[in-house]
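Data block below; observations after.
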Amino acid sequence: MNETVWFFIAISFVSLFGSLSRFTPNALWNDTSYFFRKNKEEYLPFTNKLRGKCLLFFGVFNLVLSAFVYLLKISISFPKLVAFLIIGLIFIELFVEISWNKKEKNNSNVTNLFLKQIIPFTIIIYTAIVFKAPEWMIISFMIISLVTIGATTVFLIKKKIKF
1 MNETVWFFIA ISFVSLFGSL SRFTPNALWN DTSYFFRKNK EEYLPFTNKL
51 RGKCLLFFGV FNLVLSAFVY LLKISISFPK LVAFLIIGLI FIELFVEISW
101 NKKEKNNSNV TNLFLKQIIP FTIIIYTAIV FKAPEWMIIS FMIISLVTIG
151 ATTVFLIKKK IKF
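Numbering (our numbering) for the sequence shown: 1 to 163.
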């Protein structure tokens, strides 16, 4: 087995360990923003369950990717793997925060706007990494997704919608 498979397996185990927060929703796991929240009693169980569910999905997804990479004998460079991990974690945190704001403020337009932009770019970047697309293509997808998310954030700030 090459280092790519081991990296995906390591990400899987860390993600699956992090998904334990789904089953212990009232325990303070890894969210330091909890101390600055107004509705601490509602926030912690909601975000722990959702973050745990996302990490469970991320862990299983990485296990499937590790099997796929092992069977097809694909080798991916370490910087691309780290980019894969960082993009996945950013996506999970954005999803949790947007969902919390949707629940708290009942502002579904914000959630739909972000998710319609984040999910396709994330899938495209993951696919490009796994199928060994040229680095310029992966970097351009990352830049396009960051610019799109930034433009959406500026748009929402101008509309005075907090997220």
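Think of the CB as a built atom: it goes at the ideal place given N, C-alpha and C, for glycine as much as any other residue.
Contact belief for residue i with residue j at Cβ below 8 Å, rounded distance in angstroms
i, j, result
"residue 2", "residue 22", "With a Cβ gap of about 31 Å, residue 2 and residue 22 do not count as contacting."
"residue 50", "residue 15", "Their Cβ separation, rounded to whole angstroms, is 14 Å, which puts residue 50 and residue 15 out of contact at 8 Å."
"residue 130", "residue 74", "7 Å"
"residue 174", "residue 81", "Outside the shown range of the chain, which is 1 to 163, sits residue 174, and nothing can be said about it."
"residue 87", "residue 143", "With 8 Å as the limit, residue 87 and residue 143 do not qualify as a contact, their Cβ atoms being about 12 Å apart."
Rounded straight-line distance, which links the Cα of residue j to that of residue i
i, j, result
"residue 44", "residue 27", "8 Å"
"residue 97", "residue 104", "10 Å"
"residue 145", "residue 62", "21 Å"
"residue 150", "residue 123", "18 Å"
"residue 69", "residue 17", "22 Å"
"residue 72", "residue 60", "18 Å"
"residue 137", "residue 128", "8 Å"
"residue 58", "residue 41", "26 Å"
"residue 95", "residue 139", "22 Å"
"residue 84", "residue 10", "13 Å"
"residue 133", "residue 79", "13 Å"
"residue 5", "residue 20", "23 Å"
"residue 67", "residue 12", "12 Å"
"residue 92", "residue 25", "17 Å"
"residue 64", "residue 53", "17 Å"
For residue i, the three-state DSSP class (helix, strand or coil)
i, result
"residue 89", "helix"
"residue 153", "helix"
"residue 102", "helix"
"residue 45", "helix"
"residue 68", "helix"
"residue 74", "coil"
"residue 37", "coil"
"residue 80", "helix"
Start-to-end residues for the alpha helix (DSSP H) that takes in residue i
i, result
"residue 28", "No alpha helix (DSSP H) holds residue 28; DSSP gives it neither H nor E."
"residue 7", "3-18"
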